[in-house]
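The numbers in full-length UniProt numbering rise by one with no breaks, and the one at position 163 of the sequence shown is 163.
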Amino acid sequence: MDSGDDDSGNYDGRRYVSILEGESARFLCDYCNRAFLGNYSAVEAHLLRSCEGMTPTIRTQVWDEFFASKYGHERTIPSSVPRSHSAVGSFSVAVPDTGKAMVQSKKRKKNTDVLEEEGYLMKIQEHLDAIIARIFYSSGLSFNVARNPEYRSSYSLATRKKDIFDFTDAEIRGHLDAKIAMMFYTSGWHLKHDNTLFIFYGLSFTMEFVPAGLPFQIARNPFLRSSFYIASLVHIPGYVPPGPKQLKTTLLQQERTRMEGILEIIKSTWGKAGVTIVADGWSDVERKQTKEYITDKFVSAIENVGPENVVQVITDNDPVCRAAGALIQEKYSHIKWTPIIAHTLSLALNNICSAKSSENIVLIDCHCIAEVAEATTFIKNFIINHTMKWSIFDEFSQLKMLDIPDSCFASDIVMLKRFRLIKQSLLRMIVSDQWPAYRKENIEDSQIARRKLIDDLWWDRIDYILAFTEPIYSMIHMVDTEKSCFRLIYEMWDNMVEKVKAAIYKHEEKTPEQESTFYSVVHGILADWWNKSKTPLHCLAHMLNPRHYSVNWIDEGVNRVPPHHDSEMSDVRNSCLRQLFPTTDDLRTIKQQYAEFALLGTKYFSLASMVDRDILDPKTWWVTHGASASKLQSLALKLLS
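Now the structure itself:
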């Protein structure tokens, strides 16, 4: 090939192709096995645009080398590049003689860049600006940070790190680390070293974020990492990150437009999947919670979504929210109020663990639990309020002593769990040579704390409390999630109560036929809160779960029966269906379809659907087998989604 065909201004990608013998310039791509005619501009166009055999890693490296070539920056190129295992032979096209596809490349004008470089750089810059803006929007970061000169210089340095001569890569990385660190220091963020490792493209630095006016969670923000990855990948001459004005105007509008486009896709599913509106409670300008105020907020949200799309509203299980839920159900007969199950269970645990009156016979058996909880709180306060708290405890334990707010679900149980984990550390602390110095600050409190910590019976009570409350605590964890578990509430509650009973009876060494006073108290508290939290939708979701009619599921539990054999559930189901389907024809149709579903009939459901009841998850089962019973399928998908 004549050297005159090599345009020195173009990217030289010859190491990614093989030169074939012949009178014309012919190349064979090492990644997609395609052969083509042309000069090095054709090689460049193929590698950067149309090669289908490259992995993302190799393509990124080719693009990086292309920009380095365009700007004349020196860059060390590896002598060999790993090939894509899936590329070889995957995209080959049969051609005569050579067995390779021949692609005739057209000559481009000299003044036309292969990738229209300026336009591409503009797109990269716009994308980088958008990623940086999302750091602010997603974390609530103050726009004033965008005025920080270190914020600007760190991104500027990252985008031109290939343009810095006479420095090694390590020196450049160190300088960039310092710039990023100064951005945090001067923006109200404090850093300590040797904790969390952040690795960006070609960059690595170690830091621990301690909150000082800004949340330390910003360190986990994926947009922060992504922005430095992009900034260090491509050289953008004179790049300056977006300032407060851009963040408040153009970029904010672009992000809103992007999010609205994403939301339109979600909104299109509301009619079939249904909508649940969730709130943890609102207060007015006077910080007062009133049922009218909360109801107005819910009504506004329901009208915005469309009442026909809303299945239920979910709130905390406090009296004000319950009253607001009743008003919503009165206004919209088809919309149900449902309390947050995790909050309900936490309230039940608080009732069990916080009983202080020994006069009420119902609370006598819970009184000892309250005493244990008070003792753990006393010891915790003694440690964290001690003037030598950094040495009194941290010297003996790698775990911290938690200061758990009362608003936390099952706060007493969380504290008991932490005490059980640090038991040995606490015992080492009180028998250490330093303990006499620690107790001088408050001798009376230190004696009380020591007396409790060395009491084996006190630790046995903690173990017992944790044993019988573990099923309740585990259920809180299972339902306190964004995953759909609505259909499982009935089953989970029944299983939880059985496990609580088993733990108490095991401790008291009683048989199932015997009566336990303590279990009766606990069961009474749980039953009372269950009656305050269960709703018709819980019942319907349980009854529309195909697995609950299979022989395997029925045999798994003691005294289990199919849902349609439970008289209480049947009454709730029929009442709820009358509210959801007020017309006679619709109600008759839905009842017929449910009867076929419950009795394993074949009018609407195939024989294969019976086998799949134990195999497929409920939503998949209804999508696969429920088309013939369209009304029941629609209801099931709304409740099981």
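Glycine residues also receive a C-beta, built at the ideal position from the N, C-alpha and C atoms.
Would you mind stating whether residue i and residue j have Cβ atoms separated by less than 9 Å?
i       : j       : result
Ile-132 : Pro-241 : yes
Ala-598 : His-564 : yes
Asn-317 : Ile-340 : yes
Asp-614 : Ser-533 : no
Phe-382 : Met-429 : no
Ser-156 : Tyr-31  : no
Leu-466 : Lys-417 : yes
Phe-378 : Asp-445 : yes
Ile-328 : Thr-295 : yes
Ile-262 : His-127 : no
Asp-433 : Ser-354 : no
Thr-338 : Ala-279 : no
Ile-462 : Val-372 : yes
Can you tell me the Cα-Cα spacing of residue i and residue j, whole angstroms?
i           : j       : result
Thr-535     : Leu-526 : 16 Å
Gln-633     : Ala-627 : 7 Å
His-386     : Glu-395 : 14 Å
Leu-345     : Tyr-519 : 16 Å
Met-415     : Tyr-464 : 14 Å
Gly-325     : Glu-255 : 34 Å
Gly-4       : Asn-39  : Confidence at Gly-4 is low in this model, with a pLDDT of 40, below 50, so its placement is unreliable and the value that follows should be read with caution. About 10 Å.
Ser-357     : Thr-583 : For Ser-357, the predicted structure reports a pLDDT of 49, less than 50, and the residue's modelled location is therefore unreliable. A value from the coordinates is still provided. Taking the straight line joining both Cα atoms gives about 53 Å.
Leu-600     : Ala-348 : 38 Å
Thr-55      : Gln-253 : 35 Å
Asp-494     : Arg-220 : 39 Å
Ser-333     : Trp-529 : 24 Å
Leu-28      : Tyr-120 : 27 Å
Tyr-604     : Met-610 : 12 Å
Lys-506     : Thr-257 : 60 Å
His-538     : His-625 : 22 Å
Lys-272     : Leu-141 : 37 Å
Pro-82      : Pro-237 : Only weak support is given to the placement of Pro-82: the predicted model assigns it a pLDDT of 37, under 50, and the value that follows is read from those uncertain coordinates. For Pro-82 and Pro-237, the distance between alpha carbons rounds to 31 Å.
Ile-554     : Met-569 : 16 Å
Lys-267     : Met-259 : 12 Å
Pro-436     : Ile-443 : 9 Å
Leu-224     : Asp-480 : 28 Å
residue 698 : Asp-129 : Lying before the first or after the last residue shown, residue 698 is absent from the chain, which here runs from 1 to 641.
Ser-606     : Asn-304 : 40 Å
Ser-226     : Ser-232 : 10 Å
Met-543     : Asn-552 : 16 Å
Gly-72      : Ile-135 : Reliability of the predicted coordinates at Gly-72 is poor, the pLDDT of 40 falling under 50, and no value is obtained from them.
residue 642 : Glu-509 : Summary: the structure shown does not reach residue 642, with the chain confined to residues 1 through 641, and so no result is reported for it.
Gln-246     : Val-145 : 13 Å
Glu-596     : Thr-602 : 7 Å
Give every residue of the same chain whose Cβ lies closer than 8 Å to the Cβ of residue i, excluding the five residues on either side of it in the sequence, and list them in chain order.
i           : result
Gly-274     : Asn-309, Val-310, Val-311, Leu-637, Lys-638, Leu-639 and Ser-641
Ile-504     : Phe-468, Ser-516, Phe-518, Tyr-519 and Val-522
Lys-248     : Phe-143
Ala-375     : Lys-452 and Trp-458
Ile-454     : Leu-427 and Ile-430
Leu-587     : Leu-577, Arg-578 and Phe-581
residue 651 : Any question about residue 651 goes unanswered here, given that the chain covers just 1 to 641.
By Cβ distance below 7 Å, which residues in the same chain neighbour residue i in space, the five residues on each side in sequence not counted?
i       : result
Ser-397 : Ile-422 and Ser-425
Ile-352 : Cys-366, Ile-369, Val-522 and Ile-525
Thr-589 : Lys-631
Gln-593 : Tyr-604, Ala-629, Lys-631 and Leu-632
Arg-560 : Ile-554
Tyr-137 : Glu-255
Lys-336 : Gln-312, Gln-329, Thr-535, Pro-536 and Leu-537
Whole-angstrom Cβ separation of residue i and residue j, contact assumed at under 8 Å?
i       : j       : result
Arg-547 : Pro-618 : 7 Å
Lys-291 : Ala-323 : 4 Å
Val-299 : Ile-277 : Actually they are not in contact, since the Cβ atoms of Val-299 and Ile-277 sit about 10 Å apart, beyond 8 Å.
Met-496 : Pro-512 : Going by Cβ atoms, the distance from Met-496 to Pro-512 rounds to 17 Å, so no, they are not a contact pair.
Pro-244 : Arg-147 : 6 Å
Closer than 6 Å by C-beta to residue i: which residues in its own chain qualify, once you throw out the five before and the five after it? Chain order, please.
i       : result
Ser-92  : With a pLDDT of 30 at Ser-92, under the threshold of 50, the modelled position of this residue cannot be trusted; read the value that follows with caution. Counting only Cβ-Cβ distances below 6 Å, and skipping sequence neighbours, we find Asn-33.
Phe-409 : Ala-342, Ser-346 and Ile-476
Met-492 : Met-475
Pro-307 : Tyr-332
Ser-139 : Ile-218 and Asn-221
Original post:
Can we say the stretch 466–486 touches the stretch 438–453, given the rule of at least three CB pairs closer than 8 Å?
Top reply: No: fewer than three Cβ pairs fall under 8 Å.
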